[in-house]
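One structure is given here, and the rest of the page talks about it.
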Amino acid sequence: TGTNYANYALLIDALYRQTAPHGLKLTAATNPWTQEIPVAATNQMDWVNVMCYDFHYANNSTYEAAIDGLIQWSDYGVEKHKLLMGTPFYGRSGTSWSDTQSKTYGAFVNEYLALHGTLPPATTDVFVDANGKTWYVNGVWTIQRKMAFVRDNGYGGAMIWELGQDYWNGSNQYTAQSLLPVINSMLRPPAWLVTSPGATY
Numbered sequence: 004t005g006t007n008y009a010n011y012a013l014l015i016d017a018l019y020r021q022t023a024p025h026g027l028k029l030t031a032a033t034n035p036w037t038q039e040i041p042v043a044a045t046n047q048m049d050w051v052n053v054m055c056y057d058f059h060y061a062n063n064s065t066y067e068a069a070i071d072g073l074i075q076w077s078d079y080g081v082e083k084h085k086l087l088m089g090t091p092f093y094g095r096s097g098t099s100w101s102d103t104q105s106k107t108y109g110a111f112v113n114e115y116l117a118l119h120g121t122l123p124p125a126t127t128d129v130f131v132d133a134n135g136k137t138w139y140v141n142g143v144w145t146i147q148r149k150m151a152f153v154r155d156n157g158y159g160g161a162m163i164w165e166l167g168q169d170y171w172n173g174s175n176q177y178t179a180q181s182l183l184p185v186i187n188s189m190l191r192p193p194a195w196l197v198t199s200p201g202a203t204y
């Protein structure tokens with residue numbers, strides 16, 4: 004607020020003047036609930052990466068909370084095509100912020116496979132580990148729903164925290180349980196589609 008809010012705009016302007024001539028992208032990762040960047044300053048930015056996760060110490064990134072985070076930024080006045088939905092490739096468990104723990108999405112899938120002898124269904128967002136502890140994660144179905152909202156409502160795309168936390172099989176290949184291919188299939192147009200310059204998906 005106040006001086007810090009104004010200085011953030013000055014920082015963005017200074018960065019823009021240095022980066023734009025070199026074709027560099029200017030972005031910021033932002034809180035989904037508080038808008039620290041003056042709207043006018045976002046005109047000099049390529050993306051605003053809204054961190055639509057860690058809303059809660061356990062079920063940290065529900066569909067509803069993620070949508071709300073994006074809408075708050077677009078209602079604030081940032082152009083939708085500049086807003087990217089932050090997507091967690093990890094899950095959480097806990098009973099409070101003081102004891103919350105996180106685990107990668109890939110670890111969830113491997114643990115599920117070890118416990119059940121099969122890969123988790125696409126609808127799985129809750130895992131109970133071998134110790135009976137409940138973990139919440141964004142599975143394939145939730146990621147599909149989130150990306151459909153992004154695509155169908157004119158938002159710019161997705162930001163991921165983070166790629167190394169995805170699932171690969173024993174041959175280090177993506178599978179139907181991996182998350183990045185889901186995002187790719189939902190947000191990128193098919194190769195046969197001819198688009199006009201500036202079109203967004």
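Using the numbering used here, read the sequence shown as starting at 4 and increasing by one per residue.
By construction, the Cβ of each residue, glycine as well, lies at the ideal position given by its N, Cα and C atoms.
* Alpha-carbon to alpha-carbon, LEU183 and VAL143 -> In the sequence shown, residue 143 corresponds to position 140, counting from 1. In the sequence shown, residue 183 corresponds to position 180, counting from 1. Their Cα atoms are separated by approximately 10 Å.
* Would you call ALA17 buried or exposed, if buried means 16 or more other Cβ atoms sit within 10 Å of its Cβ? -> The residue you call residue 17 lines up with position 14 of the sequence shown. So ALA17 counts as exposed.
* What residues are listed by DSSP as bridge partners for LEU87? -> Locating residue 87 in the sequence shown gives position 84, counting from the first residue. Beta-bridge analysis with DSSP links LEU87 to ASN52, GLY160.
* Asked: Using CA coordinates, which residue listed in GLU39, PHE130, GLY120, ASN113 is at the minimum distance from GLY173?
  -> As a position in the sequence shown, residue 173 is number 170, starting the count at 1. The candidate whose alpha carbon is nearest that of GLY173 is ASN113.
* To do: From the DSSP output, read off the bridge partner residues of SER1.
  => Only positions 4 to 204 of the chain appear in this structure, which leaves residue 1 out of reach.
* To do: Would you mind stating whether PHE92 and ILE163 have Cβ atoms separated by less than 8 Å?
  => Here residue 92 corresponds to residue number 89 of the sequence shown, with the count starting at 1. Here residue 163 corresponds to residue number 160 of the sequence shown, with the count starting at 1. Yes, they are a contact pair.
* To do: May I have the straight-line CA-CA distance separating TYR139 from ARG20, to the nearest angstrom?
  => Counting from one through the sequence shown, the residue named residue 139 turns up at place 136. Counting from one through the sequence shown, the residue named residue 20 turns up at place 17. Put simply, the backbone Cα of TYR139 is about 42 Å away from that of ARG20.
* I think TYR158 touches LEU86, with their Cβ atoms under 8 Å apart; what is that distance to the nearest whole Å? -> One-based indexing of the sequence shown puts residue 158 at position 155. One-based indexing of the sequence shown puts residue 86 at position 83. About 5 Å; that satisfies the 8 Å criterion.
* Unbroken alpha helix (DSSP H) run spanning TYR177, endpoints -> Here residue 177 corresponds to residue number 174 of the sequence shown, with the count starting at 1. Element bounds for TYR177: n/a, residue is neither H nor E.
* To do: Taking the CB atoms as reference points, tell me whether ASN3 and THR22 lie closer together than 8 Å.
  => The structure shown does not extend to residue 3, since the chain is modelled only from 4 through 204, so no value can be given for it.
* Classify ALA43 as helix, strand or coil using the three-state DSSP reduction. => On the sequence shown, position 40 is the one that residue 43 refers to. If DSSP states are grouped into helix, strand and coil, ALA43 belongs with the helices.
* **Sequence-distant residues of its chain with Cβ nearer than 7 Å to LEU73 (five each side left out)** => Within the sequence shown, residue 73 is the residue found at index 70, counting from 1. Within the same chain, LEU73 has close Cβ partners VAL53, CYS55, LEU86, MET88, TYR158.
* Closer than 7 Å by C-beta to TYR66: which residues in its own chain qualify, once you throw out the five before and the five after it? Chain order, please. => Counted from its first residue, the sequence shown places residue 66 at position 63. Closer than 7 Å at Cβ, skipping near neighbours: THR145, ARG148, LYS149.
* Using the DSSP secondary-structure output, state which residues sit across from VAL129 in a beta bridge. => Translated into positions along the sequence shown, residue 129 becomes position 126. VAL129 is bridged to TYR139.
* Asked: For MET189, which residues from the same chain have a beta carbon less than 7 Å from its beta carbon, with the 5 sequence-adjacent residues on both sides left out?
  -> As a working mapping, residue 189 is identified with position 186 in the sequence shown. Hits under 7 Å: GLN147, MET150, ALA151, ARG154.
* Can you give me the Cβ contacts of GLY160 inside the same chain, cut-off strictly under 7 Å, excluding the 5 residues immediately before and after it? => In the sequence shown, the residue the question calls residue 160 occupies position 157. When the five nearest sequence neighbours on each side are left out, the beta carbons in the same chain lying within less than 7 Å of the beta carbon of GLY160 are those of LEU87, VAL153, LEU190, in order along the chain.
* How would you label LEU196, buried or exposed, when you count the other beta carbons within 10 angstroms and need 16 or more for buried? -> Along the sequence shown, read from residue 1 onward, the residue named residue 196 stands at position 193. With a pLDDT of only 46 at LEU196, under 50, the local geometry of the prediction cannot be trusted, and no value is derived from it.
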